[in-house]
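Data block below; observations after.
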């Protein structure tokens, strides 16, 4: 619901800035790319909300491929991709925690489980820091 409201505001803002610019074909292409770009972002956010990380990543890839002039949407796509990676890392961490908490593991399986748990924790921390960094350095075009 919150994402739909934000998307509506962004689409209205994009429509308002595109009206009456008089930039000709180049401006129209950029406006069209921006609109389509924000639609890809909305689709990716829906997929992320459903924990469908593959589909969310595919939406971001489609944005990059199909909307080269949608600079602000592409910038948001970078942040969204960080969120996708973080969500996926958190899901992997939950799985690693569940496996490591099993009591029926032999010594070798326990060692592997502990290693996977350490990797999962490190991955989550990395993407949390990366997302924080990218948000702090976010630019509008």
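In our numbering, the protein residues as written are 158 to 298.
The beta carbon of each residue, even a glycine, is placed where N, CA and C say it ideally should be.
Between which residues of its own chain and residue i is the CB-CB distance below 7 Å, once the five residues before and five after are set aside?
i: residue 257; result: 270, 271, 274
i: residue 219; result: 197
Taking the C-alpha atoms as reference points, what is the distance between residue i and residue j?
i: residue 245; j: residue 230; result: 22 Å
i: residue 222; j: residue 262; result: 46 Å
i: residue 198; j: residue 233; result: 8 Å
i: residue 194; j: residue 293; result: 22 Å
i: residue 252; j: residue 210; result: 16 Å
i: residue 265; j: residue 207; result: 35 Å
i: residue 181; j: residue 248; result: The predicted position of residue 181 is uncertain, since its pLDDT is 45 and thus under 50; a value taken from the coordinates is nonetheless stated next. So the alpha carbons of these two residues sit roughly 47 Å apart.
i: residue 215; j: residue 203; result: 12 Å
i: residue 287; j: residue 200; result: 23 Å
Check the C-beta distance from residue i over to residue j and give it rounded, since I have them as a contact under 8 Å.
i: residue 226; j: residue 255; result: Not a contact, Cβ separation roughly 45 Å.
i: residue 281; j: residue 236; result: Actually they are not in contact, since the Cβ atoms of residue 281 and residue 236 sit about 17 Å apart, beyond 8 Å.
i: residue 250; j: residue 278; result: 6 Å
Closest to residue i by CA distance: which of the options is it?
i: residue 240; options: 282, 295, 205; result: 205
Which residues in the same chain have their Cβ closer than 6 Å to the Cβ of residue i, if we skip the five residues on either side of it in sequence?
i: residue 190; result: 224, 226, 227
Just to confirm my understanding: we take residue i, look at its own chain, exclude 5 residues before and 5 after, and list those with CB closer than 8 Å. What are they?
i: residue 291; result: 235, 236, 239
i: residue 297; result: 229, 232
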